[in-house]
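Worksheet: the structure to be examined is printed underneath.
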Amino acid sequence: MKIAHIVCQLPPTIGGLGNSAHHFARKIAEKGQDITVFTLSSKNIDFASDKNYKVKALGSLIQFKLAAVLPQLLWKLRKFDIVHLHYPFFGSNFLVSLVKLFRGKEVKFILHYHQDVNFQGIKIILEWIPRKLFLGIILRLADKVVVSSFDYIMASNINNFYQKHKEKFVEIPFGVNETFLPRENDKELLNKYSIKESDKVIMFVGGLGQNHYFKGVDDLIKSFEYLKDDNLKLLIVGDGNLRDRYKALAKELKIENRVIFAGYVDDEQLSNHYNLADILVLPSTEKNEAFGIVLIEAMAHGKPVIASDLPGVRQVVAKGNNGFLVKQNSPEDIAKKIQDLLKPDNYSYYSKNALNSVKNYYNWDIIVDKLLDIYKGC
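Next comes the structure, spelled out in structure tokens:
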């Protein structure tokens, strides 16, 4: 099989969508398949040098951030047996689906529906118009629609289509990087962040930019108003243009000495950061958060988790009984759940469950084998 994946971003560009597409492609290539990933070119970034699969970075005359019109895809995808689109890719979603329209049964078109897109302000129109015009057509053209959880889809913009065409849909979660394992704490990192061995570390991992406004970082920072223990530290891993605002909030609340901003870290160092933590918290406020890959990454290190009670996200926590769910926009509830989870009996129980969940549900080999079976069977 000649397999093409199309995605708006790839590592080292920061983003969960591109990161998951990379790991799917990496494991598909490891299994001896011929796979090429088409993505949007980015200035001064070499996407292909550290990857075991082929990458074609395409330029566009019409581009805004991660949205781009790439008409050349119609030509470049003409000889592939499988065309797998990671949705959303604004400007090119519909173009990719036209490959199925033109080639018919010669090609299998897989739509990987990662998430709804919920913009703010005037940008709502920019999402609403193409969704109303094209998404229904794209869904009908797809041979299969891959989703991370049915729980999320039943609360999503495509639930009506799902209810009428359930046979098209298949649930495939994301997996965890095999190098993410429990290890001893990195002494250099402890010193770098002035964290003592006796400290309890609450961790957040995610983008701090305006496009990740829904992550709930401000609620997590505010929760430390209710957590008076000086040995309780908040480690925030990630970067973006809202970072200074979050720093100012910590200072305003007079907890800046307990909040550590680590900035962006790569996968190798990210694993070391997870091992510093006791609990990972993902307090997202909107359904833009469809799964929460950071939850299963933390679980791979034996860390129990706390996450908002949102479709998709809640399934990751509840499926293996890996931690607690919290109300959205509730710093007080976050604080209470942190205190409850740090109780020794609770912590031991949920930590073991976290490790077992990763082994049972989030193994990349099992996940990609299922995807390849779909390619062969659809």
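If you're matching positions, the sequence shown starts at 1353 in the numbering used here and goes up one per residue.
Just so you know, even glycine gets a beta-carbon here, dropped at the ideal spot from N, CA and C.
Jot down the residue ranges of each uninterrupted beta strand (DSSP E) in the region 1428 to 1502, minimum 3 residues, whole runs only, in chain order.
1434 to 1439, 1460 to 1465 and 1496 to 1499
Assign residue 1653 to one of three DSSP states: helix, strand, or coil.
coil
Spatially closest choice to residue 1354 from 1435, 1367 and 1607, by CA coordinates:
1435
Whether or not the region 1447 to 1456 and the region 1406 to 1417 are in contact is what I'm after, with contact meaning three or more pairs of Cβ atoms, one per stretch, closer than 8 angstroms; do they touch?
no
Measure the alpha-carbon distance for residue 1426 versus residue 1390 and round it to whole angstroms.
12 angstroms
Classify residue 1623 as helix, strand or coil using the three-state DSSP reduction.
helix
Around the C-beta of residue 1496, are 16 or more other C-beta atoms found within 10 angstroms, so that it is buried, or is it exposed?
buried
Sorted by chain position, which residues of the same chain lie with C-beta nearer than 7 angstroms to residue 1596's C-beta, five sequence neighbours on each side aside?
none
Starting from residue 1421, trace the alpha helix (DSSP H) both ways and give me its first and last residue.
Taken as a continuous stretch (DSSP letters only), residue 1421 belongs to no alpha helix (DSSP H), as it is neither H nor E.
Any heavy atom of the ligand FMN closer than 6 angstroms to the CB of residue 1530?
Summarising the ligand content, the structure contains no ligands, and the ligand FMN is consequently not present.
Near residue 1636, what residues of its chain come up, given a Cβ to Cβ distance below 8 angstroms and the 5 sequence neighbours on each side ignored?
1566, 1567, 1568, 1644, 1659, 1660, 1662, 1665 and 1680
Rounded to whole angstroms, what's the CA-CA distance from residue 1757 to residue 1588? Just pull it up for me.
The chain is shown from 1353 up to 1730; residue 1757 falls before or after that span and cannot be answered.
Following the continuous alpha helix (DSSP H) through residue 1523, name the residue where it begins and the one where it ends.
Note, residue 1523: premise wrong, no alpha helix (DSSP H); beta strand (DSSP E) at 1521 to 1523.
Can you check whether the CB of residue 1687 is closer than 7 angstroms to the CB of residue 1467?
no
Use the C-beta contact count for residue 1685: other C-beta atoms within 10 angstroms, 16 or more gives buried, fewer gives exposed.
buried
Assign residue 1433 to buried or exposed, taking buried as 16 or more other Cβ atoms, counted over all protein chains shown, within 10 Å of its Cβ.
exposed
Which residues mark the beginning and the end of the alpha helix (DSSP H) in which residue 1689 is found?
1683 to 1693
What are the uninterrupted segments assigned as beta strand (DSSP E) that are 3 or more residues long and contained completely in the region 1586 to 1637, given in chain order?
1611 to 1615 and 1631 to 1634
Residues bridged to residue 1388 by DSSP?
1356 and 1406
Need the endpoints of the beta strand (DSSP E) that residue 1676 sits in, please.
1675 to 1678
Does any CB atom of chain D fall closer than 7 angstroms to the CB of residue 1644?
In the structure shown, chain D cannot be found, because there is only a single protein chain.
Extent of the continuous alpha helix (DSSP H) run through residue 1639:
Residue 1639 -> no alpha helix (DSSP H), and no H or E assigned at all.
Would you check if the distance between the CB atom of residue 1771 and the CB atom of residue 1554 is smaller than 7 angstroms?
Past the edges of the chain, shown from 1353 to 1730, lies residue 1771, and the structure says nothing about it.
Just the Cα atoms here: how many angstroms apart are residue 1462 and residue 1378?
18 angstroms
Helix, strand or coil at residue 1579 [DSSP, three-state]:
coil
Where residue 1657 and residue 1650 are concerned, what is the direct C-alpha to C-alpha distance, given to the nearest angstrom?
7 angstroms
Sub-7 angstroms separation of residue 1699 and residue 1528 beta-carbons:
no
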